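Those protein sequence lines, which keep their order, are chains X and V.
Reading the first sequence from the start, the letters are residues 11 to 124 in my numbering.
Reading the second sequence from the start, the letters are residues 78 to 192 in my numbering.
Glycine is no exception: its CB is placed at the ideal position from the N, C-alpha and C atoms.
Computed from a prediction, not measured in an experiment: that's the story for all the values here.
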Amino acid sequence: AQSVSQHNHHVILSEAASLELGCNYSYGGTVNLFWYVQYPGQHLQLLLKYFSGDPLVKGIKGFEAEFIKSKFSFNLRKPSVQWSDTAEYFCAVNPFSGTYKYIFGTGTRLKVLA
Amino acid sequence: SAVISQKPSRDICQRGTSLTIQCQVDSQVTMMFWYRQQPGQSLTLIATANQGSEATYESGFVIDKFPISRPNLTFSTLTVSNMSPEDSSIYLCSVEGWTVNTEAFFGQGTRLTVV
């Protein structure tokens, strides 16, 4: 079945530590890729997106992600996390060209200790 | 970006009753979507609601349980019918991006608890 996998369900880091959250998908064709963040009590916000071009994508708040087509992966990274990065992070894939139907990963809850 | 308002933001309902969730967008959009986020799980697409046609439901979701209306290009409702505790979730409305290669926008969600 088509799916999006996020391998880390809960991550706890200290401030200034580096972050990498994994995301793999199982679609074989052209896909659009996204990372969303949901801060406690708030709605989903877009961190970054990939449609085409440079596979290394930079987003807001110092986040970046790398699309590796051969590995069907779109991992999220941040060199130095802050307490304010505590949130839930969702990887999403749009495998349906011309639509905005997204398939979401299960999410990763990140807690950053001050 | 589009501004999406959902009402109610949260509700506690008795089993067997129905709740209608409203989604209002500040601009006209063709495509609107409804997602469900069950506790501890990811977002799952329920259906696509396009104005002027019946909603298209994803596998596992049916119209009798989740009737959807789309009377115009800025508004949609999702009804959760004959609720059970398993329907306790966050329900989110989403709309298309502005142009090609833009992302969808999401409402703040409706947190539903069924007791």
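In terms of DSSP beta bridges, what is residue i paired with?
i	result
K84 of chain V	V:Q99
T118 of chain X	X:Y99
I167 of chain V	V:Q114, V:R188
I145 of chain V	V:L155
Y112 of chain X	According to DSSP, Y112 of chain X bridges with nothing at all.
T133 of chain V	V:T125
M109 of chain V	V:A126, V:V172
V14 of chain X	X:Y35
F183 of chain V	V:S171
S83 of chain X	X:N34, X:I78
I89 of chain V	V:T190
Compute the distance between the beta-carbons of residue i and residue j, then report whether it is under 7 Å.
i	j	result
L23 of chain X	V91 of chain X	yes
Y168 of chain V	I81 of chain V	no
T116 of chain X	Q16 of chain X	yes
V68 of chain V	D164 of chain V	A query on residue 68 of chain V cannot be resolved here, the shown segment of chain V reaching from 78 to 192 and no further.
L122 of chain V	E131 of chain V	no
A181 of chain V	S171 of chain V	yes
L120 of chain X	V21 of chain X	yes
H53 of chain X	F183 of chain V	yes
L120 of chain V	F114 of chain X	yes
V41 of chain X	P105 of chain X	yes
Y110 of chain X	M109 of chain V	no
A97 of chain X	F84 of chain X	no
Would you decide whether residue i is buried or exposed? Buried here means 16 or more other CB atoms lie within 10 Å of its CB.
i	result
T125 of chain V	buried
R87 of chain V	exposed
L112 of chain X	Reading off the sequence shown, one finds Tyr at residue 112 of chain X, where the question assumed Leu. When all chains shown are included, Y112 of chain X counts as buried.
S88 of chain X	Position check: residue 88 of chain X holds Lys in this sequence, whereas Ser was assumed. K88 of chain X should be labelled buried.
G93 of chain V	exposed
N149 of chain V	exposed
N159 of chain V	exposed
S139 of chain V	It is Val, not Ser, that sits at residue 139 of chain V in the sequence shown. Answer is exposed; the Cβ neighbour count stays below 16.
W93 of chain X	exposed
L123 of chain X	exposed
E25 of chain X	exposed
Q104 of chain V	Position check: residue 104 of chain V holds Ser in this sequence, whereas Gln was assumed. By the neighbour-count rule (16 or more Cβ atoms within 10 Å), S104 of chain V is not buried but exposed.
Y99 of chain X	buried
I70 of chain X	exposed
P162 of chain V	exposed
I29 of chain V	Coverage of chain V is limited to positions 78 through 192, which leaves residue 29 of chain V absent and any answer about it impossible.
T187 of chain V	buried
T118 of chain X	buried
D95 of chain X	buried
E30 of chain X	exposed
S80 of chain X	exposed
L66 of chain X	exposed
Q83 of chain V	buried
S153 of chain V	buried
- [ ] Only counting runs of 3 or more residues, tell me where the beta strand (DSSP E) segments fall wholly within the segment 48 to 80 of chain X, in order along the chain.
- [x] 55 to 60, 66 to 68, 74 to 78
Task: Length at least 3, wholly inside the segment 19 to 51 of chain X: the beta strand (DSSP E) runs in chain order - done: 20 to 24, 29 to 31, 42 to 48
TODO: Would you check if the segment 34 to 52 of chain X and the segment 83 to 102 of chain V touch, i.e. whether three or more CB-CB distances between them fall below 8 Å?
DONE: no
Open item on the list: Closer than 8 Å is the cut-off here; do at least three beta carbon pairs connect the segment 58 to 66 of chain X with the segment 104 to 115 of chain V?
Closed with: no
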